[in-house]
Ligand SMILES: [Zn+2]
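Put into structure tokens, the structure is as follows:
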């Protein structure tokens, strides 16, 4: 079995059967065994210090009084972990313990399992901020099951909302030999390149979406579409589904509305990537990077 991608398999037992057990949840929230993962406006909490280090806090009544939302994440080595949202504070709180940072900047510098826990907490809290009102009747919704469901407060409606994921396919397209396609979008950091990707649409299989996106963005038909692996990408709620495929012709017709550019690159070019504003590989915590590295090792 392949090793998990970054942000996947965080060593967490989600213990879903405990979410709706209000008595158990209340007991855990007042237990000193319980760990709190703080968030403030989508930023995660890190210790003060020269290199990024995750900060989880011991649960206490005083700490949780300042939280506007608590979500039960699960158990790690038997210890309950909760995300707590402190976004109600105008300025970042808890300064004596650490500081808040955006995981999109520091995630790749954290140990794999801790990174996974933090992006899960981020996604869980952010879902609530985006679903405060019922999409059917417009009434406010309320958190249930310790943050894993929201319910419309209008008794005639009472619609239940559950966190949804946005599936996206991401695919390494090669020529069956020494070359693969990389592209870049205008708003990316200078030199940044990636394999192609796009969201799955209703009524499509994953394979349909892979073929459509490659043709839309690069104008190339593909064959031999194979699943590789997946990666949670909760910025805010994607799941990346990784594939490889072989191009059936080499001529690219790049859609300049979607991409600034796309082109064929050789293994040598990637091995000698200057990692500067002229060309750089995808960030280390991305499945795009994983696909490229596996292909360079001959595993795709
Ligand atoms: Zn409603």
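Residue numbers (my numbering): 2 to 301.
Just so you know, even glycine gets a beta-carbon here, dropped at the ideal spot from N, CA and C.
Exercise for the section: Look up residue 196 in the DSSP assignment and give the residues it is bridged to. Expected result: DSSP, once it has assigned bridges, lists no residue as partnering residue 196.
Exercise for the section: Report the option in 52, 143, 122, 231 whose CA atom is closest to the CA atom of residue 198. Expected result: Minimum Cα distance to residue 198 is reached at 231.
Problem - Rounded distance between the beta-carbons of residue 134 and residue 194, thought under 8 Å - result: At roughly 40 Å, the Cβ-Cβ gap does not stay under 8 Å, so residue 194 and residue 134 are not in contact.
Exercise for the section: Look at the alpha carbon of residue 25 and the alpha carbon of residue 18, and state the distance between them as a whole number of angstroms. Expected result: Cα to Cα, residue 25 sits roughly 11 Å from residue 18.
Problem - For residue 229, the nearest candidate out of 171, 137, 28 (CA to CA) - result: Minimum Cα distance to residue 229 is reached at 171.
Handout entry: Cβ-Cβ separation, residue 264 to residue 183 (assumed contact under 8 Å), whole Å
Key = About 7 Å separates the two Cβ atoms, so the contact holds.
Problem - Nearest neighbour of residue 215, chosen from 235, 204, 260 [CA to CA] - result: Nearest C-alpha to residue 215 among 235, 204, 260: 260.
Practice task
Could you please give the first and the last residue of the uninterrupted alpha helix (DSSP H) stretch that includes residue 116?
Solution key: According to the DSSP assignment, residue 116 belongs to the alpha helix (DSSP H) that extends over 113 to 130.
Practice task
Would you list the one or two residues that DSSP bridges to residue 143?
Solution key: Partner(s): 152.
Handout entry: Identified DSSP bridge partners for residue 59
Key = DSSP, once it has assigned bridges, lists 36 as partnering residue 59.
Exercise for the section: Tell me whether residue 137 counts as near ligand 1, meaning its Cβ is closer than 7 Å to at least one heavy atom of that ligand. Expected result: Indeed, a heavy atom of ligand 1 lies less than 7 Å from the Cβ.
Practice task
Any chance you could list the beta strand (DSSP E) runs of at least 3 consecutive residues sitting entirely within the segment 163 to 224, in chain order?
Solution key: The DSSP assignment places complete beta strand (DSSP E) segments of no fewer than 3 residues inside the segment 163 to 224 at 167 to 175, 180 to 185, 197 to 200, in order along the chain.
Handout entry: residue 5 versus residue 55 - alpha carbon distance
Key = When rounded, the separation of the alpha-carbon atoms in residue 5 and residue 55 is 20 Å.
Exercise for the section: Could you tell me if the beta carbon of residue 144 falls within a distance shorter than 7 Å of some heavy atom in ligand 1? Expected result: No, the beta carbon of residue 144 sits no closer than 7 Å to any heavy atom of ligand 1.
Practice task
Let me know the secondary structure DSSP gives residue 13 once reduced to three states.
Solution key: In the three-state reduction of the DSSP assignment, residue 13 falls in the coil class.
Exercise for the section: Mark residue 283 as exposed unless 16 or more other C-beta atoms lie within 10 angstroms of its C-beta, in which case mark it buried. Expected result: Around the CB of residue 283, 16 or more other CB atoms lie within 10 Å, so the residue is classed as buried.
Handout entry: Beta-carbon separation (whole angstroms), residue 126 vs residue 8, contact threshold 8 Å
Key = Actually they are not in contact, since the Cβ atoms of residue 126 and residue 8 sit about 16 Å apart, beyond 8 Å.
Practice task
Would you please state the rounded distance, in angstroms, between the beta carbons of residue 255 and residue 212? I believe it to be under 8 Å.
Solution key: Not quite, the Cβ-Cβ distance comes to about 17 Å (not below 8 Å), so this is no contact.
Practice task
Verify the contact flag: residue 155, CB atom, against every heavy atom of ligand 1, threshold strictly below 7 Å.
Solution key: Flag set: Cβ of residue 155 near ligand 1.
Practice task
Check whether the Cβ of residue 140 lies closer than 7 Å to any heavy atom of ligand 1, and answer yes or no.
Solution key: Correct: residue 140 has its Cβ closer than 7 Å to ligand 1.
Practice task
State whether the segment 56 to 74 contacts the segment 26 to 33, with contact taken as three or more CB pairs (one from each stretch) at a distance under 8 Å.
Solution key: Contact between the segment 56 to 74 and the segment 26 to 33 is present: three or more C-beta pairs spanning the two stretches fall below 8 Å.
Problem - N-terminal and C-terminal residue of the beta strand (DSSP E) that residue 75 is part of - result: In the DSSP annotation of this structure, the continuous segment of the beta strand (DSSP E) that includes residue 75 starts and ends at 70 to 77.
Exercise for the section: Tell me where the alpha helix (DSSP H) around residue 269 begins and ends. Expected result: In the DSSP assignment, residue 269 falls within the unbroken alpha helix (DSSP H) covering 268 to 272.
Problem - Buried versus exposed, by CB contacts within 10 Å (16 or more), residue 225 - result: Burial call: exposed.
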